[in-house]
Amino acid sequence: MKRRLLCGVLVVILAALVGYETDAAGPLPGDLNRQVFRYLDSPDRDEAARTLQAMLSDPTVTIDQVRGIIQTERDYAPQPTGTIPDERIDVQGRAYHLALSVPLTYQPAKGYGLVVCLHGAGFTGEAYLGRWQARLGEDYVLACPTAPMGAWFTRGAEELVLATIRSVQRRYHIDPDRIFLTGMSNGGIGAWVIGMHDAPLFAGIAPMASGLDNVLMPFLANLRSTPIYIIHGAKDQVMPVELSRTITNELTKLGYPFVYREHDREHPVAGGHYFPREELPELVAWFNAQRRNPLPTSVTVVRDASHFQPFGWVRIDATDLIAAFSEDLVSKRDDLINRREYARLEASIVAPNRIEVRADRVQRYSLFLNEQLIDSTKPLVVLTNGQVSFEGLVTPSLETLLRQARLRQDSRQLFPIHLAIQVRKQP
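In structure tokens form, the structure reads like this:
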């Protein structure tokens, strides 16, 4: 009799527990975790839209919950380690080669630095693995994509680099504040161009034996918070050293810090146009010392009409008539490009809940904010070109947080507040 009574009590308890799990409002923590990463990672837009709607329709899901999941709860399945020379990565339906080097001691619980290395013309990503992997040590994943002809100065190459970073981040535990972009020759040009357009992503850029066309110089202003390490050979006959000297002069005028290493070594085949292995230890030491600041209080962004993606916590949305680059940046050279007519935005948090913006050739822009930048419980003041353009409270939104997280794929740049500002015409 006692045994039957005990069994009956257990059945009641189990039934209550099952009822709690299935009938209680809201998903279980594990379910929400899966929903969040299904939304962030799914290549299927319809599936992502359904997952987003499911989370938004659940009143128990909060901004703090989702933020915490994105920042700390991604699970990393076991992945290959060592040299992985011939992966494929798809960008808009086109397959590219990607060579990876992952430390044999890789542990999913640890965050690793990521070095993306861009090869020169006539080389491949795989050819660059051996030059780097032995010297980077056990704290970095090395990714070397291959672009046909080494044309790293195209929009397609920029998309390839961004896709490479996101692919590696989803599979391996990468510290988002330790992502570096480097390259040699054409790859160095790519490090400049992609590094300037997507500066908030990188802990540092290291272009080697490269340079920039004069019409691209204004975009150096985007590197306000991005450390720079430049290497060039004084006897380089392919990319004259004056190219890097000109860039360092521009950086000095901007007041931006940088490291410039000019060597006089020569290679038996390449002459002065190469990356001496003697320079690598100091560069790796520099990598080791850098950490990205994901939320600087001051941001400068210069844009042409082909680059309106978010830039940290700001985005240029609409402009006056400005220059628009072609796919390869050089095939079209109209008057707007020759005159270097670009849009420019400078935004600074000058005091608690007070943001001052200088806008040139900008008609509308957006601010993306979070509690690390402002206090959303108190009124916010935004001044644009000296005039008040917003004053009042802003409301954090779970939908904004999720949509921006999917777009950016950056766990340290999570923004639940979106504020669109119309720029008044100057008299």
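Residue numbers for the sequence shown follow the numbering used here, beginning at -9 and rising by one.
Just so you know, even glycine gets a beta-carbon here, dropped at the ideal spot from N, CA and C.
Within its chain, find whatever has a CB closer than 7 Å to the CB of CYS(-3); leave out the 5 residues flanking it on each side and keep chain order.
By one-based count along the sequence shown, residue -3 stands at place 7. Only weak support exists for where CYS(-3) lies, its pLDDT of 41 falling under 50; the value from the coordinates is given anyway. If the five residues before and after CYS(-3) are omitted, its C-beta is found closer than 7 Å to no C-beta atom of its own chain.
Given a cut-off of 8 Å on the beta-carbon distance, is the pair LEU210 and LEU244 in contact?
Residue numbering aside, residue 210 sits at position 220 when the sequence shown is read from its first letter. Residue numbering aside, residue 244 sits at position 254 when the sequence shown is read from its first letter. For LEU210 and LEU244, yes; Cβs fall inside 8 Å.
Rounded to whole angstroms, what's the CA-CA distance from SER215 to VAL378? Just pull it up for me.
Mapped onto the sequence shown, residue 215 falls at position 225. Mapped onto the sequence shown, residue 378 falls at position 388. Between the alpha carbons of SER215 and VAL378 lies a gap of roughly 26 Å.
Around the Cβ of SER47, are there at least 16 other Cβ atoms within 10 angstroms (buried) or fewer (exposed)?
The sequence position of residue 47 within the sequence shown is 57, counting from 1. For SER47, the number of other beta carbons within 10 angstroms of its own is below 16, and it is reported as exposed.
Secondary structure of GLU381, DSSP reduced to three states
Here residue 381 refers to the residue found at position 391 of the sequence shown. Here GLU381 sits in strand by DSSP.
Opening and closing residue of the alpha helix (DSSP H) in which ALA279 lies
For the purposes of this step, residue 279 is taken as the residue at position 289 of the sequence shown. Per DSSP, the continuous alpha helix (DSSP H) segment holding ALA279 begins and ends at 270 to 279.
Please check the pair ASP307 and ALA189, which I expect to be a contact at CB under 8 Å, by giving their CB distance rounded to whole angstroms.
Reading the sequence shown from its first residue, position 317 is the one you call residue 307. Reading the sequence shown from its first residue, position 199 is the one you call residue 189. That pair is no contact at about 19 Å.
Span of the beta strand (DSSP E) holding VAL413?
The residue given as residue 413 occupies position 423 in the sequence shown. The continuous stretches of beta strand (DSSP E) do not include VAL413, and DSSP gives it neither H nor E.
Counting C-beta neighbours from all protein chains within 10 Å, is the total for SER401 16 or more, i.e. buried, or is it exposed?
Start at 1 with the first residue of the sequence shown, and residue 401 comes out as number 411. Buried, since its Cβ has 16 or more Cβ neighbours within 10 Å.
With C-beta atoms as the reference, is GLU128 less than 8 Å away from THR95?
Position 138 of the sequence shown, counted from the first residue, corresponds to residue 128. Position 105 of the sequence shown, counted from the first residue, corresponds to residue 95. Contact: yes.
Can you give the beta carbon distance from ALA224 to ASP203, rounded, assuming they're within the 8 Å contact cut?
Here residue 224 corresponds to residue number 234 of the sequence shown, with the count starting at 1. Here residue 203 corresponds to residue number 213 of the sequence shown, with the count starting at 1. Their Cβ separation, rounded to whole angstroms, is 22 Å, which puts ALA224 and ASP203 out of contact at 8 Å.
Whose C-beta lies closer than 6 Å to the C-beta of HIS297 among residues of the same chain, with five residues either side of it excluded?
Position 307 of the sequence shown holds residue 297. Counting only Cβ-Cβ distances below 6 Å, and skipping sequence neighbours, we find HIS187.
In chain order, what residues of the same chain have a beta carbon less than 6 Å from the beta carbon of TYR66, not counting five sequence neighbours either side?
Residue numbering aside, residue 66 sits at position 76 when the sequence shown is read from its first letter. Closer than 6 Å at the Cβ level, and outside the excluded window around TYR66, lie PRO98, HIS163.
Taking the continuous alpha helix (DSSP H) assigned at ASP325, which residues delimit it?
Your numbering for residue 325 matches position 335 in the sequence shown. Annotation for ASP325: the continuous alpha helix (DSSP H) segment containing it runs 325 to 328.
N-terminal and C-terminal residue of the beta strand (DSSP E) that ILE364 is part of
Position 374 of the sequence shown, counted from the first residue, corresponds to residue 364. DSSP places ILE364 outside any beta strand (DSSP E), giving it a letter other than H or E.
Cβ pair ILE53, THR154 closer than 8 Å
Taking the sequence shown and counting its residues from 1, the one referred to as residue 53 is at position 63. Taking the sequence shown and counting its residues from 1, the one referred to as residue 154 is at position 164. No, they are not a contact pair.
Residue range of the unbroken beta strand (DSSP E) whose run includes VAL340:
As a position in the sequence shown, residue 340 is number 350, starting the count at 1. 333 to 341 is the extent of the beta strand (DSSP E) around VAL340.
Buried/exposed call for GLU63, threshold 16 Cβ in 10 Å:
On the sequence shown, residue 63 is found 73 positions in, with the first residue counted as 1. Exposed.
Identify every residue that forms a DSSP beta bridge with ALA308.
Position 318 of the sequence shown holds residue 308. ARG354.
May I ask which residues mark the beginning and end of the beta strand (DSSP E) holding GLY223?
Here the question's residue 223 lines up with position 233 in the sequence shown. Start and end: 219 to 223.
Is DSSP giving TYR130 helix, strand or coil here?
Position 140 of the sequence shown holds residue 130. In the structure shown, the three-state DSSP call for TYR130 is strand.
Taking buried to mean at least 16 other C-beta atoms within 10 Å of its own C-beta, is MET139 buried or exposed?
To locate residue 139, count along the sequence shown from 1; it is residue 149. Burial call: exposed.
Touching or not, the region 378 to 397 and the region 253 to 273, by the rule of three or more beta carbon pairs under 8 Å?
No, the region 378 to 397 does not touch the region 253 to 273.
Backbone CA spacing between GLY201 and SER175 [nearest angstrom]
Here residue 201 corresponds to residue number 211 of the sequence shown, with the count starting at 1. Here residue 175 corresponds to residue number 185 of the sequence shown, with the count starting at 1. Straight-line measurement puts the Cα of SER175 at about 8 Å from the Cα of GLY201.
Select from TYR250, ALA295, PRO271, SER356 the residue whose C-alpha is nearest the C-alpha of VAL289.
Within the sequence shown, residue 289 is the residue found at index 299, counting from 1. Of the candidates TYR250, ALA295, PRO271, SER356, the one whose C-alpha sits nearest the C-alpha of VAL289 is SER356.
Residues in its own chain within less than 7 Å of GLY180 by CB, not counting five upstream and five downstream?
Taking the sequence shown and counting its residues from 1, one reaches residue 180 at position 190. The residues LEU108, TRP142, PHE143, ALA147, GLY173, in chain order, have a CB closer than 7 Å to that of GLY180 in the same chain once the five nearest residues on each side in sequence are set aside.
Report the option in PRO68, SER366, ALA395, VAL81 whose CA atom is closest to the CA atom of ARG145.
In the sequence shown, the residue the question calls residue 145 occupies position 155. Per the Cα distances, VAL81.
Locate the alpha helix (DSSP H) running through GLU149, then write down its first and last residues.
The residue labelled residue 149 in the question sits at position 159 within the sequence shown. Run containing GLU149: 145 to 161, per the alpha helix (DSSP H) assignment.
With DSSP run on the structure shown, which of helix, strand or coil describes VAL347?
Within the sequence shown, numbered from 1, the residue matching residue 347 stands at position 357. Strand at VAL347.
Check for me: the alpha helix (DSSP H) holding MET207 runs from which residue to which?
Counted from its first residue, the sequence shown places residue 207 at position 217. Counting along the chain, MET207 falls outside any alpha helix (DSSP H), and DSSP gives it neither H nor E.
In chain order, what residues of the same chain lie with their CB nearer than 8 Å to the CB of LEU391, ignoring the 5 residues before and after it?
Taking the first residue of the sequence shown as position 1, residue 391 is located at position 401. Cβ contact annotation for LEU391 (same chain, cutoff 8 Å, sequence separation greater than five): ILE53, VAL56, ARG57, LEU404, PHE405, PRO406, in chain order.
Helix, strand or coil for TYR102 per DSSP?
On the sequence shown, residue 102 is found 112 positions in, with the first residue counted as 1. Here TYR102 sits in strand by DSSP.
I need the boundaries of the alpha helix (DSSP H) containing HIS187, first residue and last residue.
What you label residue 187 is simply residue 197 of the sequence shown in a count that begins at 1. Element bounds for HIS187: 176 to 187.
Look at the alpha carbon of PRO271 and the alpha carbon of GLY194, and state the distance between them as a whole number of angstroms.
The count along the sequence shown starts at 1 and reaches residue 271 at position 281. The count along the sequence shown starts at 1 and reaches residue 194 at position 204. Going from the Cα of PRO271 to the Cα of GLY194 covers about 16 Å.
Taking THR374 as the reference, give the member of GLU346, ARG156, THR71 with the closest Cα.
Counted from its first residue, the sequence shown places residue 374 at position 384. Nearest to THR374 by alpha-carbon distance, out of GLU346, ARG156, THR71, is GLU346.
Going along the chain, which residues of its own chain have a beta-carbon closer than 8 Å to the beta-carbon of PHE170, five neighbours each way excluded?
For the purposes of this step, residue 170 is taken as the residue at position 180 of the sequence shown. Residues GLY103, LEU104, VAL105, VAL106, PHE192, ALA193, GLY194, ILE195, ALA196, PHE277, GLN280 of the same chain have their beta carbon placed closer than 8 Å to that of PHE170, with the five preceding and five following residues left out of the count.
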